[in-house]
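Please read the structure below before turning to the comments.
In our numbering, the protein residues as written are 1379 to 1694.
If you want it as structure tokens, here you go:
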């Protein structure tokens, strides 16, 4: 029986997605390893659909955070936290891989009871996380992407990972759902089919390009390339996207409502190009093998670049 590995990357869908190639590389090199992943609830469904993840352990941070605000619920919440840690220890993990590198992930790593706890060194972690690991990985001096940063943590296991296959696994039901959408469009799709994702996380509105810029860009793509433009959207973004479409002079297509990130990934698989900001959907598109054009705001392109080869164009 192979060793039991516990992966820690708790939140942010984009960061969870960018950790998957490292976990896939681990399973490819140690096929009999058992991989469990502690993650917050929004990304749980995605991980449950990925074959390299054997077990998903949900970390209910939001519920616990709300509960401690109420004096009446503190006792119940503390008991639940204790059960969570106890159950984690009972699984007897051999190794923890802490990709998150912050205080709470460090505490989970330490409290898991695993004898080998791999994390980043002091320079590459935050909030004193390095104190909880007993194997520390030092990253290169030069800036590297999150994808490369995550793969580098496997050095703590003595593994070198190159040429990692980043693709997402798409469940059959999601493939059928998206296939049905494209099959029932009133007119055939004219190539190239270009996906534009204009939204961002509600906590990062500064990453959004101006809506009028998107509408003008979409019109040009249709007129000059003969393209079909497909607007994808997430929770709370429909009104924003419809405003952009209404501002256009050319007709466009609205993507179906997607219930999961794997459904969104399957939508991108049909496309010839993706355009959008520095978001989780951008990373999904790149992992589906779709060429992407990323419009960056104040975030660092090197850290947040998509998977694959790149060409950087800077506004002068």
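Virtual Cβ for every residue (Gly too), placed ideally from N, Cα, C.
Keep in mind that this is a model prediction, so the values were computed, not measured.
Buried or exposed: which applies to residue i, given that a residue is buried once 16 or more other Cβ atoms fall within 10 Å of its Cβ?
i	result
residue 1397	buried
residue 1568	exposed
residue 1379	With a pLDDT of only 40 at residue 1379, under 50, the local geometry of the prediction cannot be trusted, and the value read off the model is given with reservation. Counting Cβ neighbours within 10 Å, residue 1379 comes out exposed, since fewer than 16 surround it.
residue 1741	Nothing about residue 1741 can be read from this structure; the chain reaches only from 1379 to 1694.
residue 1541	exposed
residue 1563	exposed
residue 1530	buried
residue 1653	buried
residue 1664	buried
residue 1610	buried
residue 1612	buried
residue 1584	exposed
residue 1630	buried
residue 1581	exposed
residue 1694	Here residue 1694 scores only 48 on pLDDT, less than 50, and its place in the model should not be relied on; the value that follows carries that caveat. Exposed, by the Cβ-count rule.
residue 1443	exposed
residue 1503	buried
residue 1678	exposed
residue 1428	buried
residue 1558	exposed
residue 1565	exposed
residue 1405	buried
residue 1561	exposed
residue 1386	buried
residue 1595	buried
residue 1608	buried
residue 1686	exposed
With residue i as the anchor, note down where its beta strand (DSSP E) starts and where it stops.
i	result
residue 1336	Here the chain comprises residues numbered 1379 to 1694, so residue 1336 is not present and cannot be evaluated.
residue 1627	Premise fails: residue 1627 is in no beta strand (DSSP E) and is neither H nor E.
residue 1480	That residue, residue 1480, is in no beta strand (DSSP E); it is neither H nor E in DSSP.
residue 1654	1651-1655
residue 1609	1606-1610
residue 1532	No beta strand (DSSP E) holds residue 1532; DSSP gives it neither H nor E.
residue 1384	1382-1386
residue 1670	1670-1673
Go to residue i, then tell me how far its alpha helix (DSSP H) extends in each direction, as first and last residue.
i	result
residue 1469	Segment: none, residue 1469 is in no alpha helix (DSSP H) and carries neither H nor E.
residue 1393	1391-1407
residue 1412	First-last for residue 1412: 1412-1417, but that is the beta strand (DSSP E), not the alpha helix (DSSP H).
residue 1599	1589-1603
residue 1713	Examination of residue 1713 is not possible in this model, given that the chain is present from 1379 through 1694 alone.
residue 1552	1550-1561
residue 1575	Element bounds for residue 1575: not the alpha helix (DSSP H) but the beta strand (DSSP E), 1571-1575.
residue 1435	Note, residue 1435: premise wrong, no alpha helix (DSSP H); beta strand (DSSP E) at 1433-1436.
residue 1426	1422-1426
residue 1567	Looking at the DSSP string, residue 1567 is not in any alpha helix (DSSP H), and its letter there is neither H nor E.
residue 1521	Here residue 1521 belongs to no alpha helix (DSSP H), and DSSP marks it neither H nor E.
residue 1660	1658-1665
Just to confirm, is the Cβ distance from residue i to residue j under 7 Å?
i	j	result
residue 1481	residue 1572	no
residue 1453	residue 1434	no
residue 1384	residue 1471	yes
residue 1684	residue 1660	yes
residue 1415	residue 1425	yes
residue 1475	residue 1496	yes
residue 1642	residue 1662	yes
residue 1600	residue 1628	yes
residue 1549	residue 1399	no
residue 1515	residue 1492	no
residue 1556	residue 1644	yes
residue 1570	residue 1605	yes
residue 1578	residue 1592	no
Answer with yes or no whether the minimum CB distance from residue i to chain C is below 7 Å.
i	result
residue 1507	No chain C is present in this structure, which holds just one protein chain.
What is the C-beta distance between residue i and residue j, in whole angstroms, given that I count them as a contact (C-beta under 8 Å)?
i	j	result
residue 1394	residue 1431	Going by Cβ atoms, the distance from residue 1394 to residue 1431 rounds to 11 Å, so no, they are not a contact pair.
residue 1586	residue 1658	That pair is no contact at about 14 Å.
residue 1546	residue 1640	6 Å
residue 1381	residue 1403	Not a contact, Cβ separation roughly 16 Å.
residue 1420	residue 1391	6 Å
residue 1680	residue 1521	4 Å
residue 1498	residue 1479	5 Å
residue 1682	residue 1527	11 Å between Cβ atoms; not a contact.
residue 1389	residue 1418	5 Å
residue 1407	residue 1537	5 Å
Compute every distance between the C-beta of residue i and the non-hydrogen atoms of the ligand ATP, then say whether any falls below 6 Å.
i	result
residue 1499	Because no ligand of any kind appears in the structure shown, any question about the ligand ATP cannot be addressed here.
Taking one C-beta from the region 1503-1511 and one from the region 1480-1488 each time, how about it: are there three or more such pairs within less than 8 Å? yes
Using 8 Å as the threshold, is the region 1533-1540 in touch with the region 1621-1631, meaning 3 or more CB pairs across them? At 8 Å Cβ cutoff, the stretches do not touch.
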